[in-house]
Amino acid sequence: MSSEYLVLDVETIVNDNRFGSAIDPRNQLALACWKIDGKWKAKWGSEFEQQELVDDIRRAKFLVFHHGKYEYGWLSRIGVDTSQLLGFDTMLAEYVLLGNLVSGDTESGVRPTSISLDACCQRRGYRPKDPIVDTWMANGIKVSEMPKKWVLDRCIQDVRTTEQLFLDQRRQLHDSNRLGCLYTRCILTPLLAEIEKEGCHLDKNRVEEVYNEYSDRFTSLTKEFARATGGINWRSSKQVAKYLYDDLQFEELRDRSGEPKRTPSGGRQTNAKALEKLKAITEAQKEFLALKKQLSKIGSAISKNLDYFKDVCESHNGTFHAEFNQSITATHRLSSTGIAVETATKGSKSCQLTNIPRNFKRLFSARRDGWLIGEVDGAQLEFRVAAFLGNDKQARADIADREFDAHCVTASAMYEVPYTELRNAYLAGDKVASDRRQSAKPETFKPLYGGSKGTPAQERWYEAFKRRYPDLAAVQLGWVYEVLEKKYLTTPWGMRYYWPNIRMASSGYVNNASAIYNYPIQALATAEIIPIAITYLWHIVRAEGLDEVIVPINTVHDSLVCEIHPDYAADFRRIATEAFGLCVLRYLSVVYGLDFDVPLGAGIKIGEHWSEGTEERYECLKGNIERVK
DNA sequence: TCAAGATGCGCG
DNA sequence: AAAGCGCGCATCTTGA
Numbered sequence: 036m037s038s039e040y041l042v043l044d045v046e047t048i049v050n051d052n053r054f055g056s057a058i059d060p061r062n063q064l065a066l067a068c069w070k071i072d073g074k075w076k077a078k079w080g081s082e083f084e085q086q087e088l089v090d091d092i093r094r095a096k097f098l099v100f101h102h103g104k105y106e107y108g109w110l111s112r113i114g115v116d117t118s119q120l121l122g123f124d125t126m127l128a129e130y131v132l133l134g135n136l137v138s139g140d141t142e143s144g145v146r147p148t149s150i151s152l153d154a155c156c157q158r159r160g161y162r163p164k165d166p167i168v169d170t171w172m173a174n175g176i177k178v179s180e181m182p183k184k185w186v187l188d189r190c191i192q193d194v195r196t197t198e199q200l201f202l203d204q205r206r207q208l209h210d211s212n213r214l215g216c217l218y219t220r221c222i223l224t225p226l227l228a229e230i231e232k233e234g235c236h237l238d239k240n241r242v243e244e245v246y247n248e249y250s251d252r253f254t255s256l257t258k259e260f261a262r263a264t265g266g267i268n269w270r271s272s273k274q275v276a277k278y279l280y281d282d283l284q285f286e287e288l289r290d291r292s293g294e295p296k297r298t299p300s301g302g303r304q305t306n307a308k309a310l311e312k313l314k315a316i317t318e319a320q321k322e323f324l325a326l327k328k329q330l331s332k333i334g335s336a337i338s339k340n341l342d343y344f345k346d347v348c349e350s351h352n353g354t355f356h357a358e359f360n361q362s363i364t365a366t367h368r369l370s371s372t373g374i375a376v377e378t379a380t381k382g383s384k385s386c387q388l389t390n391i392p393r394n395f396k397r398l399f400s401a402r403r404d405g406w407l408i409g410e411v412d413g414a415q416l417e418f419r420v421a422a423f424l425g426n427d428k429q430a431r432a433d434i435a436d437r438e439f440d441a442h443c444v445t446a447s448a449m450y451e452v453p454y455t456e457l458r459n460a461y462l463a464g465d466k467v468a469s470d471r472r473q474s475a476k477p478e479t480f481k482p483l484y485g486g487s488k489g490t491p492a493q494e495r496w497y498e499a500f501k502r503r504y505p506d507l508a509a510v511q512l513g514w515v516y517e518v519l520e521k522k523y524l525t526t527p528w529g530m531r532y533y534w535p536n537i538r539m540a541s542s543g544y545v546n547n548a549s550a551i552y553n554y555p556i557q558a559l560a561t562a563e564i565i566p567i568a569i570t571y572l573w574h575i576v577r578a579e580g581l582d583e584v585i586v587p588i589n590t591v592h593d594s595l596v597c598e599i600h601p602d603y604a605a606d607f608r609r610i611a612t613e614a615f616g617l618c619v620l621r622y623l624s625v626v627y628g629l630d631f632d633v634p635l636g637a638g639i640k641i642g643e644h645w646s647e648g649t650e651e652r653y654e655c656l657k658g659n660i661e662r663v664k
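Throughout the first sequence, residue numbering follows my numbering, covering 36 to 664 in sequence.
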């Protein structure tokens, strides 16, 4: 709430055909404009000529900027320790104020809300950006090719409107008890900027090996598929549907009323899940399903990852970069966008960091010779958060019971076998029990977020889930009633999520119910707790002077991945468990007033490649951290 | 030829 | 009548 802030905006010479992020060494800092103590300052110059800015930043209590990850990136390149800089990001403030409304609502046709500086200001009736400079920038004209005065005026104008916007947002967030949420978003930002700069590194030998294996497989599968089908394009859902349902005469899947299940716009389904359920009788039918399944898997692995990975290894020293988007998702977790690279033969390709196939994590190694990859993740995080939010006795008991096996509970309901019988058989290596547990896995958490329809076996489990966790079910239903009444939900930590078009049908069905069941749980787990945990981890590492030996390189919803010097693996374990346990509890208590009284767990893997090495599990309970065997 | 829409599939 | 949630990227289809 202090008035000792510094408002900052920078302009850059963009040489990456994108937005001039500090990640790309070809981009250059061109101009910084800032305001401190009511004084306006501007400095033309590169990252080596910004001493006055650095000095002023040191005097300020916090920074104000729009999309501060950009400025953090440049400040880091200037040489500033960005972990010591607190920011108020007006883009994130607008994001918090909008809650989930930022992404719009396709069902009711609500368009996404822009949170660009210009859009934020226009909504409030402030002066808009200069349209000419804006058009130039949007079309790749470099600021070094524009009249200096025009660029300067624009930069100063941005500082002015950013401050205006900040003051308005700060009041709104304060009055609605959401400053804490903004704080959580803002303290994560400099870490994200560091991760983006670091990049991810691939093991050339392993990539080559897997690439060759997949290519060979792909070549032979493509041939077989062409022979079997007479040459349809397996990637075309239209051609596949025609072949499946017209030529091979498969029966379409039907719902209970006998209507065929179709894609949203009425096409016949060809996705893996639907194909899995089709009943193949003839040899031709069986062969087609088997071929299509393998071809889709291999084909997508090649076109979405391996082509790109191979090029990264051959032409970019095995390192590639992606960005984190901090203001895209409805629940406020992160998303990621790959930075496209022109490959030698496959055109422009990119890879984001949150959906890398689990099988390919083993292709990632440390960029630094001889270093290790360490990963820490929040154990059963969403379920534990659900137990906390639902204050559910049974869920708490299940979490406390270290022998508890959720998937066996699912299988027990689906296959009508007593839990202990199934579990013992599974532990004894019984094939049937193991298969049942495996096939039950995807169903385990579906009812947590309102899943209710399916086969009789599935529906038996969904009902059993509701009976097993009645307190949670009641709390979730309470959320739905709250939204029906107020059109928005206020979470226990202050975040608000909005459903302006919620309605209840005469049947009692509520259109947004499953989203309402999900948001608080997904959000507390992956938009609050994990950001808090990884921010703490980063700060402890720096406070202990270990930032040269423990380097974050990725984060995926419930985890953080670091490169680690082999002598510091034990430090990583110690710091990670503390950050994911005690630090989170303390922060939730101090910033949000939440007494999070369900144990938090962390799983840690360290190895020469990502996701390799045996996992060590830790539990944090009542102020203690304990290693779990 | 291009952009937008549709579909499928990877992750947590 | 039916109904887990949240994303981004590659490819094909469609329509101008």
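A virtual CB, placed ideally from N, CA and C, is assigned to each residue, including glycine.
- Query: Going along the chain, which residues of its own chain have a beta-carbon closer than 8 Å to the beta-carbon of residue 163, five neighbours each way excluded?
  - Reply: Its chain contains 153, 156, 157 as the residues whose beta carbon lies nearer than 8 Å to that of residue 163, once the 5 sequence neighbours on both sides are disregarded; these appear in chain order.
- Item | Uninterrupted alpha helix (DSSP H) stretches inside the region 498–567 (no shorter than 4 residues) | As far as the region 498–567 is concerned, its whole alpha helix (DSSP H) runs of at least 4 residues are 505–521, 548–558.
- Message: Tell me the DSSP secondary structure of residue 420 in three-state form.
- Response: It is helical.
- Within the region 370–449, note down every full beta strand (DSSP E) run reaching 3 residues or more, in order along the chain. Within the region 370–449, the complete beta strand (DSSP E) segments at least 3 residues long are 370–373, 376–378, 382–384, 407–414, listed from N- to C-terminus.
- Do you know offhand how far residue 558's Cα is from residue 366's? Spanning the two alpha carbons is a distance of roughly 5 Å.
- Closest Cα partner of residue 378 within the set 263, 606, 346: It is 346.
- Do residue 546 and residue 553 have their C-beta atoms closer together than 9 Å? No.
- Query: Any idea if residue 202 is buried or exposed, counting beta-carbon neighbours within 10 angstroms, 16 or more meaning buried?
  - Reply: By the neighbour-count rule (16 or more Cβ atoms within 10 Å), residue 202 is not buried but exposed.
- Query: Can residue 233 be considered in contact with the ligand ADP, in the sense that its beta carbon sits closer than 8 Å to one or more heavy atoms?
  - Reply: For the structure depicted, the ligand ADP is absent and the ligand set is empty, with no information on it obtainable.
- Contact under 9 Å by Cβ, residue 6 with residue 504: Since the first residue of the chain shown is 36 and the last is 664, residue 6 is not available in this structure.
- Do the CB positions of residue 402 and residue 142 come within less than 9 Å of each other? The answer is no: Cβ separation not under 9 Å.
- Task: Measure the alpha-carbon distance for residue 315 versus residue 286 and round it to whole angstroms.
- Result: The alpha-carbon separation between residue 315 and residue 286 amounts to approximately 9 Å.
- Item | Cβ neighbours of residue 253 in the same chain (closer than 7 Å, five flanking residues each side left out) | Taken in chain order, the residues that qualify are 333, 334, 337.
- Report the partner residues of residue 597 according to the DSSP bridge assignment. Its beta-bridge partners are 409, 587.
- Identified DSSP bridge partners for residue 99: According to DSSP, which records beta bridges pairwise, residue 99 is partnered with 42, 123.
- Query: Taking the continuous beta strand (DSSP E) assigned at residue 68, which residues delimit it?
  - Reply: It spans 63–71 - the beta strand (DSSP E) in which residue 68 sits, taken as one unbroken run.
- Message: Looking at the secondary structure, which residues open and close the beta strand (DSSP E) in which residue 76 lies?
- Response: Where residue 76 is concerned, the enclosing beta strand (DSSP E) stretches over 74–79.
- Query: What is the C-beta distance between residue 230 and residue 639, in whole angstroms, given that I count them as a contact (C-beta under 8 Å)?
  - Reply: About 18 Å separates the two Cβ atoms, so there is no contact after all.
- Segments of 4+ residues assigned as alpha helix (DSSP H) that fall wholly inside the region 136–212: Whole alpha helix (DSSP H) segments, 4+ residues: 152–158, 166–173, 183–210.
- Message: Check whether the region 168–180 and the region 131–151 touch, using three or more Cβ-Cβ pairs below 8 Å as the test.
- Response: Because the criterion of three Cβ pairs below 8 Å is not met, the region 168–180 and the region 131–151 do not touch.
- Query: Is it buried or exposed for residue 464, if we count other Cβ within 10 angstroms and need 16 for buried?
  - Reply: Here residue 464 is exposed, its C-beta having fewer than 16 other C-beta atoms within 10 Å.
- Task: May I ask which residues mark the beginning and end of the alpha helix (DSSP H) holding residue 222?
- Result: Note, residue 222: alpha helix (DSSP H), 214–233.
- Please report how far the alpha carbon of residue 223 lies from the alpha carbon of residue 383, in whole angstroms. About 30 Å.
- Assigned secondary structure, residue 48 (DSSP; H/G/I helix, E/B strand, else coil): Looking at residue 48 - three-state DSSP - the assignment turns out to be strand.
- Message: Taking the alpha helix (DSSP H) that residue 89 belongs to, which residues open and close that run?
- Response: For residue 89, the enclosing alpha helix (DSSP H) starts and ends at 86–94.
- residue 398 and residue 586 closer than 9 Å at C-beta: Against a cut-off of 9 Å, the Cβ pair of residue 586 and residue 398 comes out as no contact.
- Task: Give the straight-line distance between the Cα atoms of residue 55 and residue 109, rounded to the nearest whole angstrom.
- Result: C-alpha separation (whole angstroms): 10 Å.
- Grab me the residues of residue 103's own chain with a C-beta within less than 6 Å of its C-beta, minus the 5 sequence neighbours each way, in chain order. Cβ contact annotation for residue 103 (same chain, cutoff 6 Å, sequence separation greater than five): 122, 124, 224, in chain order.
- Query: Going by other Cβ atoms of all chains shown within 10 Å of its Cβ, with 16 needed for buried, is residue 658 buried or exposed?
  - Reply: Answer is exposed; the Cβ neighbour count stays below 16.
- Item | Where residue 267 falls: helix, strand or coil (DSSP) | Residue state, collapsed to three classes: coil.
- Give the DSSP-derived three-state secondary structure of residue 358 in the structure shown. Per DSSP, reduced to three states, the secondary structure at residue 358 is strand.
- Between the C-alpha atoms of residue 380 and residue 245, what's the straight-line distance to the nearest angstrom? Cα-Cα distance, rounded: 18 Å.
- On the three-state DSSP scale, how would you describe residue 53? In the structure shown, residue 53 sits in coil (DSSP, three-state: anything other than H, G, I, E or B).
- Message: Looking at the strands, I want to know which residues DSSP matches up with residue 638.
- Response: Answer by DSSP bridge pairing, in chain order: 412, 652.
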